[in-house]
Amino acid sequence: MSGGSYNYLCTTMDLEDLHSRRHDLDDMAKRLAGLGYAQDAARETEELLLLLRQWETRAEVRLRRLTDVWKAVEWWDSNDSSEDAVKAALAKYRGDHDDAGTPRA
């Protein structure tokens, strides 16, 4: 058999593809570390995996913060809502109102 032991990790071309191959990336880092003479490549592979995890966590936090704003703009642009909904979503996003929509003092 030629290749494929890590689901052709070597063909990864972008972050979206790499993100879906985190398990293979982890397996590759362990394999490199096990070689004993590839510690530098193992470390960098592990660092890449760590960066992906950190980015994912940060991106998920921002996604949760922005979802209501994006929804309000999308619904306004498709005539399902009004500009007031966008302003309210932005106020909540900015912390100007609590979750019930009451202005903060």
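Residues in the sequence shown are numbered from 114 upward in steps of one, following my numbering.
Just so it is clear, CB atoms sit at the ideal spot from N, CA and C, and this is done for glycine as well.
The model shown is predicted, which means the values in this text are computed figures rather than measured ones.
Given residue i, which residues of its chain have a CB within under 6 Å of its CB, disregarding the five upstream and five downstream residues?
i	result
Thr180	none
For residue i, which of helix, strand or coil comes out of DSSP?
i	result
Gly147	helix
Thr125	coil
Taking the beta carbon of residue i as the centre, do at least 16 other beta carbons fall within 10 Å, making it buried, or is it exposed?
i	result
Ala172	exposed
Thr158	buried
Met114	Low confidence applies here, because Met114 scores a pLDDT of 47, under 50, leaving its location unreliable; read the following figure in that light. When all chains shown are included, Met114 counts as exposed.
Residues in the same chain with beta-carbon distance under 8 Å from residue i, minus the five sequence neighbours each way, listed in chain order, please.
i	result
Asp137	Tyr119, Asn120 and Leu122
Asp140	Tyr119
Check this for me: beta carbons of residue i and residue j, under 9 Å apart or not?
i	j	result
Val174	Leu203	no
Leu165	Ala155	no
- Item | Contiguous alpha helix (DSSP H) assignments of at least 4 residues, all confined to the region 150–205 | 152–190
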